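Student: Could you have a look at this structure, given as structure tokens, before my questions?
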Amino acid sequence: FDASMVDGWSLPFKLQVFGDCSLTTDGSQVVDCSHATVDKCPSSEAVAGIGNLDLRVRDPSTGAVVGCYSPCGKLTYSNWNNKEGTHTVDDPVAAPYCCPTPPVSPDACRTGPVP
Numbered sequence: 174f175d176a177s178m179v180d181g182w183s184l185p186f187k188l189q190v191f192g193d194c195s196l197t198t199d200g201s202q203v204v205d206c207s208h209a210t211v212d213k214c215p216s217s218e219a220v221a222g223i224g225n226l227d228l229r230v231r232d233p234s235t236g237a238v239v240g241c242y243s244p245c246g247k248l249t250y251s252n253w254n255n256k257e258g259t260h261t262v263d264d265p266v267a268a269p270y271c272c273p274t275p276p277v278s279p280d281a282c283r284t285g286p287v288p
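Residue numbers are given in the numbering used here: position 69 of the sequence shown equals residue 242, and the series is strictly consecutive.
Set out below in structure tokens:
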């Protein structure tokens, strides 16, 4: 399973693993994102090479905020009338946020882009 929010989020969740399984390098077995809400989604996130982006996902028919794009998702997903979603994951603008390996190394991905 993949409990990351690298692609964004729409629902809060909490994952607790029972048994002999280590999920993280610190040995914890709980991923607690139960406080993730669309209210906390950035409306003006600095993205290098682009400027500030609204990461909120809006329902195209109602305009209601229904989720939150990750910077990678905002740059690469064209769904729901997302006009910024014109890049590929290995595009020089999106690659630092999407971390395709190669060309972005795992260490560079963990460091993250600095706008």
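Glycine included, every Cβ here is placed at the ideal spot set by N, Cα and C.
Remember, it's a predicted structure, so these values are computed and weren't measured experimentally.
Inspect the beta-carbon positions of residue 239 and residue 249 and report whether they are closer than 9 Å.
Tutor: Going by C-beta atoms, residue 239 is not nearer than 9 Å to residue 249.
Student: What runs of the alpha helix (DSSP H), each 4 residues or longer, lie entirely inside the region 209 to 277?
Tutor: Qualifying alpha helix (DSSP H) stretches, in chain order: 244 to 249, 268 to 271.
Student: In terms of alpha-carbon separation, which member of 236, 221, 241, 283 lies closest to residue 265?
Tutor: The residue with the shortest Cα to Cα distance from residue 265 is 221.
Student: If I measure Cβ to Cβ from residue 214 and keep anything under 6 Å in the same chain, skipping five residues before and after, which residues do I get?
Tutor: Here the set comprises 228, 229, 241.
Student: Along the chain, where does the beta strand (DSSP E) containing residue 189 start, and where does it finish?
Tutor: First-last of the beta strand (DSSP E) with residue 189: 186 to 189.
Student: Would you call residue 236 buried or exposed, if buried means 16 or more other Cβ atoms sit within 10 Å of its Cβ?
Tutor: The residue is exposed, with fewer than 16 neighbouring Cβ atoms inside 10 Å.
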